[in-house]
Amino acid sequence: MTFSRFFHVVEEGGGGEEEEERLLAAERQEPFVVETMTATEAYNRKGSGHVGVEIPDTAHQISSDSWFQVAFVLTTGINSAYVLGYSGTVMVPLGWIGGVVGLIIATAISLYANSLVAKLHEFGGRRHIRYRDLAGFIYGRKAYHLTWGLQYVNLFMINCGFIILAGSALKAVYVLFRDDHVIKLPHCIAIAGLICAVFAIGIPHLSALGTWLAVSTILSLIYIVVAIVLSVRDGVKAPPRDYEIQGSSLSKLFTITGAAANLVFAFNTGMLPEIQATVRQPVVKNMMKALYFQFTAGVLPMYAVTFIGYWAYGSSTSTYLLNSVNGPLWVKALANVSAILQSVISLHIFASPTYEYMDTKFGVKGNPLALKNLTFRIMARGGYIAVSTLVSALLPFLGDFMSLTGAVSTFPLTFILANHMYYKAMNNKLNPMQKLWHWLNVVFFSLMSLAAAIAAVRLIALDSKNFHVFADL
């Protein structure tokens, strides 16, 4: 197999000037040619099996996973321990009609938006293995940096949420057996962060998850099945529940708007090109298979636990469903431990673009278990997790994190940018109605993003008044 040219983003000892030249070349729509090929590029070249498509340099493995493994990566994200919060953060603010209709619509529009990004993966004869690469190729250098900033914020807040989730689940286990208030939520968040750091150091890249994806699926099934069974048992025994949306007209408006952000947060990663980079050729066809799996079979467990949890407890449903259920201590402990461990695996998926950036930037090569590479991961990934853990302990408001993440980054990355990139890339192939459709999406989701951001900031401000930093919720 031969390729016409390769572009090399970062060479050992630097790479900033070449990156600038590549982005400027993309802005002028000119080819950027670099003759050198790293060992990583050679490996990726051998595995890609696609002639005539440029592949960027990366320290991580790409083009090696089946569509089914990629589908499980996506399904792991959609059925992460976050699903234990949707009964309280989506259904309670929206009610039965708004919640059910909203989830179905969010599923459809998320599949559509993700498919737009997936179809652009090899646009212009290059594999765009990073979201920022795709934006930079279509728009130029400024969009590259803006997209990377948005994506970094998106993934950082998602990962803070996973650490809060794991810490909350750990505290729930502690309270089950010893409710003496000696160990508080910030302590549990710190322990959860340490576990996440150890896992991040041990797993070098996304494709290396392998068997851990099967473990993640089993863990997800444990806490979802436990939550469903115990919720059904409670719901059958409980008196009629109140399903009315609580609060004044103004507070309802803000909570409904925030819940809309939670809806899109539930289905979208904000890192589709990075996940698609791992799939074998043909990358677009295989990625579409993975997306169809995610948005059909993959969403069913999430639907089930969300609707049943709300049915069982109504407007009093906790933002962490396992805090609402009643049942044997060992069963609840098992579900919470499963949620802790699954959150660790999910965080690694969502942190992988940041890890890939650091590994590629600093020229990490060779055996992942080499002392030099292990030391680098301890310093770089350990530092990233430490900062994430500190922020999580400072502001452990999970529902607010979900709303803010959906507003300031998921809406722009998944819906606004996806529609406009597709419009710009395929402009000559779209008819006037199709162009109008994409512009309507851009305008509508821009307004939704602004409204949801205002609602999320308001919620965080209110919670900050009610709870101090390092709150023990």
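Counting along the sequence shown from 1, when you hit position 6 you're at 6 in UniProt numbering, and nothing is skipped either side.
Each residue gets a CB set at the ideal place from its N, CA and C atoms; glycine is no exception.
Keep in mind it's a predicted model, so treat the numbers as computed, not measured.
Scanning its chain for C-beta atoms nearer than 6 Å, with the 5 sequence neighbours on each side dropped, one finds around residue 81 the residues 165, 339, 342 and 343, in chain order. Only residues of its own chain outside the window of five on either side were considered, and among them 92, 242, 243, 244 and 246 have a CB closer than 7 Å to the CB of residue 315, listed in chain order.
When beta bridges are read from the DSSP output, residue 359 appears opposite no residue. In the three-state DSSP reduction, residue 180 falls in the coil class, being neither helix nor strand. Note that the C-beta distance between residue 138 and residue 424 is below 8 Å. Under the three-state reduction of DSSP, residue 279 is assigned to strand. By a beta-carbon distance limit of 8 Å, residue 336 contacts residue 169. Their separation comes to about 4 Å.
Residue 421 and residue 414 have their alpha carbons spaced roughly 11 Å apart. Taking 8 Å as the cut-off, the beta carbon of residue 406 is found no closer than this to the beta carbon of residue 333.
A residue is called buried once 16 or more other Cβ atoms fall within 10 Å of its Cβ, and residue 429, having fewer, is exposed. A direct Cα-to-Cα measurement between residue 364 and residue 251 gives close to 50 Å. The three-state reading of DSSP puts residue 133 in helix, counting H, G and I together.
Taking 8 Å as the upper bound for CB-CB distance, residue 270 and residue 410 are in contact here, some 6 Å apart.
By the beta-carbon neighbour count (other beta carbons within 10 angstroms, threshold 16), residue 84 is buried. Beta-carbon to beta-carbon, residue 274 and residue 353 are separated by about 5 Å, close enough to satisfy the 8 Å threshold.
Counting only the Cα atoms, residue 101 lies some 24 Å from residue 288. About 6 Å separates the beta carbon of residue 349 from that of residue 73, a gap short enough to meet the 8 Å contact definition. Annotated three-state conformation of residue 242 is coil, per DSSP. The segment 142-155 and the segment 294-301 do not touch, with fewer than 3 CB-CB distances between them shorter than 8 Å.
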